[in-house]
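Q: Right, I'll just put the structure down here and ask away after.
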Amino acid sequence: MVSWSDGSDSSEHTMEYVSSASDDDTIKIPATTEDSNFQGPETELHVFCHEHGKAAEKCVAFQGIHTGTRFLCCAEKEGKNCGLVEWIDPAWPNTLENALSELWFMYEQSKRDRTEDNLMHSFAVPDLTQEKKKM
Numbered sequence: 035m036v037s038w039s040d041g042s043d044s045s046e047h048t049m050e051y052v053s054s055a056s057d058d059d060t061i062k063i064p065a066t067t068e069d070s071n072f073q074g075p076e077t078e079l080h081v082f083c084h085e086h087g088k089a090a091e092k093c094v095a096f097q098g099i100h101t102g103t104r105f106l107c108c109a110e111k112e113g114k115n116c117g118l119v120e121w122i123d124p125a126w127p128n129t130l131e132n133a134l135s136e137l138w139f140m141y142e143q144s145k146r147d148r149t150e151d152n153l154m155h156s157f158a159v160p161d162l163t164q165e166k167k168k169m
């Protein structure tokens, strides 16, 4: 289970730089969710992004196997961020990572299915309108 203590034992933290950039050269940081207990600029660990010199931003992941884990990232909201990601919480156990992965897969599949259904219904509407006019 993820520890939500405010301890600053840096030996647990892992830092990485996200390398997958989008077409506009903005590096994709994991999707996040709001958490009033962990938000805003990081002031205790003194982690700064190398490119902008800004204090890292506190975030809680809401994507894939990292859902619910706290991390620090580049605070640059507009323009090019440097991709700094420092995980505060340890990784989930493998069984939970597998479960989260499967849940996110099911969610994405459900979104695709709904989109396909909406598309099929949009093709049916003109046909039904024509039939109604013929009656």
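Position 120 (the sequence shown) corresponds to 154 in the working numbering; numbering is contiguous.
Built from N, CA and C at the ideal position, the CB exists for glycine as well.
#1: Would you report the Cα separation of residue 66 and residue 75, rounded to the nearest angstrom?
#2: Could you give the DSSP three-state label for residue 129: helix, strand or coil?
#3: Suppose you measure from the CA of residue 136 to the CA of residue 99; what does that come to, to the nearest Å?
#4: Skipping 5 residues on each side, what residues in its chain have a beta carbon closer than 8 Å to that of residue 153?
#5: Count the other CB atoms within 10 Å of the CB of residue 161; is the residue buried (16 or more) or exposed (fewer)?
#6: For residue 81, name the three-state secondary structure that DSSP assigns.
#7: Does the distance from the CB of residue 119 to the CB of residue 139 come in under 7 Å?
#8: Excluding five sequence neighbours on each side, which residues of the same chain lie with their C-beta closer than 6 Å to the C-beta of residue 108?
#9: Quick check: what's the CA-CA separation for residue 69 versus residue 121?
#10: Which whole-angstrom value is the C-beta distance of residue 103 and residue 95, which I expect to be below 8 Å?
#11: Per DSSP, which one or two residues make a beta bridge with residue 4?
A: Taking the definition as stated:
#1: 15 Å
#2: helix
#3: 9 Å
#4: none
#5: exposed
#6: coil
#7: no
#8: 83, 115, 116, 118
#9: 16 Å
#10: 5 Å
#11: Nothing about residue 4 can be read from this structure; the chain reaches only from 35 to 169.
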